[in-house]
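Letter 169 of the sequence shown, counting from 1, is numbered 168 in numbering that gives the first Met the number 0, and no numbers are missing.
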Amino acid sequence: MNTYRLIDILSANLEPARHGQFGRTLIVAMVTGATAAFGLMLATVGPRPDLHSTAHLEWLAVKLLFALSVIGTGAPLLLRSTRPGLENATNWALVLFPLFAAIAVALATLLLSRPQAWRGMLLGANTVSSAHCLLCIEFFAAIPLAALIWVLRKGAPTRLKLCGAIAGIVAGGIGAAAYALSCMSDTIPFIAVWYGAAIVLCAVIGGQLGPRLLRW
Numbered sequence: 000m001n002t003y004r005l006i007d008i009l010s011a012n013l014e015p016a017r018h019g020q021f022g023r024t025l026i027v028a029m030v031t032g033a034t035a036a037f038g039l040m041l042a043t044v045g046p047r048p049d050l051h052s053t054a055h056l057e058w059l060a061v062k063l064l065f066a067l068s069v070i071g072t073g074a075p076l077l078l079r080s081t082r083p084g085l086e087n088a089t090n091w092a093l094v095l096f097p098l099f100a101a102i103a104v105a106l107a108t109l110l111l112s113r114p115q116a117w118r119g120m121l122l123g124a125n126t127v128s129s130a131h132c133l134l135c136i137e138f139f140a141a142i143p144l145a146a147l148i149w150v151l152r153k154g155a156p157t158r159l160k161l162c163g164a165i166a167g168i169v170a171g172g173i174g175a176a177a178y179a180l181s182c183m184s185d186t187i188p189f190i191a192v193w194y195g196a197a198i199v200l201c202a203v204i205g206g207q208l209g210p211r212l213l214r215w
């Protein structure tokens, strides 16, 4: 059999590719992971008891805005990272913009506050708030990250570490959104430092898992 005959056989009965199917599957994985993360939060730490008060609802909106902006900027780039030829166009400035914006607002807040108040603003409501924040966000992000990696294995990523890192960022955003309902610390510096650190750690974990789990 010559080469041209082989090409004819392989190209017979081709069906058009469904470009939107993978994107919809990715969205389903994100929604499923988010549902699991919120369920895990309710089953473990639970929402803060005074969440219904107006002041805390406003802070919840701030925390959710930060987390959702991380998800919103990361998800389109995650989809792009699975398409050969588009993964090199990843704009890290866009991916990290929510974190940079939060840090900028946090610095402005600290500069406008008394230095004596900085410790409480940075470390949170009590001495264990920062560690609790890191552990909870990582814990709640585990299932979303697993769901995203499972879907990404069906794609064709070529830069596996990059793809895994962006998946970690998106999963970290989902974990942060779940933790926001339980978080007792209501300051911008705390959100920027500890939510940001948890999401970056998720990105590092995702980047390490990518070459191992996304190989094809």
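Even glycine gets a Cβ: it sits at the ideal position worked out from N, Cα and C.
Best match in the options for proximity to residue i [C-alpha to C-alpha]
i	options	result
Ala-179	Leu-25, Leu-133 and Gly-154	Leu-133
Ala-60	Leu-212, Ala-196, Leu-200 and Asp-185	Asp-185
Pro-188	Gln-20, Trp-117, Val-27 and Trp-91	Trp-117
Cys-162	Cys-182, Ala-36, Thr-81 and Phe-21	Thr-81
Ala-145	Gln-20, Leu-76 and Leu-25	Leu-25
Gly-205	Thr-31, Val-30 and Leu-77	Leu-77
Met-29	Ala-155, Phe-65 and Gly-71	Gly-71
Val-69	Ala-100, Arg-214 and Ala-141	Ala-100
Ala-54	Leu-213, Glu-137 and Met-183	Met-183
Trp-193	His-51, Ala-66 and Pro-46	Ala-66
Arg-23	Leu-159, Arg-158 and Pro-75	Pro-75
Pro-46	Gln-207, Leu-111, Leu-122 and Cys-135	Cys-135
Phe-139	Ser-181, Arg-211, Leu-56 and Gly-73	Ser-181
Lys-160	Gly-123, Arg-211, Pro-143 and Val-27	Arg-211
Arg-158	Ser-112, Pro-143, Arg-79 and Glu-137	Arg-79
Span of the alpha helix (DSSP H), counted from its first residue to its last, around residue i
i	result
Gly-174	159-179
Leu-213	From DSSP, Leu-213 is part of no alpha helix (DSSP H); its letter is neither H nor E.
Ala-140	128-151
Met-120	117-122
Leu-63	53-79
Ile-102	96-110
Inter-residue CB distance, residue i and residue j (contact presumed, cutoff 8 Å)
i	j	result
Ala-216	Leu-63	Residue 216 is absent from the model: the chain starts at 0 and stops at 215.
Gly-195	Ile-102	7 Å
Phe-21	Gly-209	Rounded, the Cβ-Cβ distance is 17 Å, inconsistent with contact.
Pro-156	Leu-98	Contact doesn't hold; Cβ gap of about 23 Å is too wide.
Leu-216	Met-120	With the chain covering only 0 through 215, there is no way to say anything about residue 216.
Is it true that the stretch 117-132 meets the stretch 158-174, where meeting means three or more beta-carbon pairs spaced less than 8 Å apart? When C-beta atoms of the stretch 117-132 are compared with those of the stretch 158-174, fewer than three pairs fall below 8 Å, so the two segments do not count as touching.
At least three beta-carbon pairs within less than 8 Å, the stretch 155-168 to the stretch 196-206: Contact check between the stretch 155-168 and the stretch 196-206: three or more CB pairs, one atom from each, fall below 8 Å, which counts as touching.
Count Cβ pairs between the stretch 148-156 and the stretch 39-46 that sit closer than 8 Å; are there 3 or more? no
Whether or not the stretch 92-101 and the stretch 27-37 are in contact is what I'm after, with contact meaning three or more pairs of Cβ atoms, one per stretch, closer than 8 Å; do they touch? No, the stretch 27-37 does not touch the stretch 92-101.
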